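Residue numbers (the numbering used here): 2 to 231.
So this is what it looks like as structure tokens:
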């Protein structure tokens, strides 16, 4: 059995895969997103010195969210960033899982309300990736919001950050739901505006619970969402 099959984390350190993602981002993902929507990114200075393992947390309202994040975050972040993807949605078919892995460096995560019980999910992948130095992107709502407002942020991500003593980078994705609502396959015509706001890294406090830490993260993201495209 190959080392890749015995160690599910190893592929996320593969240099060839990293170079391939850089090429895909430059030639495909970024041009496609910028053609489909009018993009703006704010707050890159907040992550200019970020190194090592960390967790990127964002609100989730559209299938445009991940492409936007991987297109607009600094390349120093996206080359290593791994993205949690719902196993019951993205890993049921090999072709889809291969594409999402190639474009967004995904790994499977189980959703509480997911139907994909038969999809094998390596236990503790988020923690294993972080412990090996791979930063991860998580949408803590677990599914796309239909209300126009962030749903419940599950505290598991905050618990990991507290346990490993690593920061969480809050992101606010503005306009993705309008540009590509739930139920649509492609963005709307007319290049709707989409803004990515990057907040300062947040650390858990001594004695703070995961629920309280996640509450602070959600509040920060909501405050950035309230700023809109301005």
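Using N, Cα and C, we set each Cβ at its ideal position, and we do this for glycine too.
Being a predicted model, the structure only gives us computed values, none of them experimental.
Closest by C-alpha distance to residue 92, out of 14, 109, 157, is 109. Counting only unbroken stretches of 4 or more residues, the alpha helix (DSSP H) elements lying wholly within the segment 10-50 are 16-25, 31-37, in sequence order. Boundaries of the beta strand (DSSP E) harbouring residue 108: 107-110, taken from the DSSP string.
In the structure shown, residue 138 falls within a strand segment according to DSSP collapsed to helix, strand and coil.
The residues 140, 142, 145, in chain order, have a CB closer than 6 Å to that of residue 61 in the same chain once the five nearest residues on each side in sequence are set aside.
Contact between the segment 36-50 and the segment 129-139 is not established, with fewer than three Cβ pairs separated by less than 8 Å.
Counting along the chain, the unbroken beta strand (DSSP E) around residue 57 starts and ends at 56-59.
About 19 Å separates the beta carbon of residue 85 from that of residue 199, a gap too long to meet the 8 Å contact definition.
Shown here for residue 122: same chain residues with a beta carbon closer than 7 Å to its own, the five before and five after excluded, namely 88, 109, 110, 111 in chain order.
Around the Cβ of residue 7, a 10 Å sphere holds fewer than 16 other Cβ atoms; the residue is exposed. If you look at residue 129, you'll find it in the alpha helix (DSSP H) that goes 126-132. Under the 10 Å beta carbon count, residue 106 is surrounded by 16 or more other beta carbons and is classified as buried.
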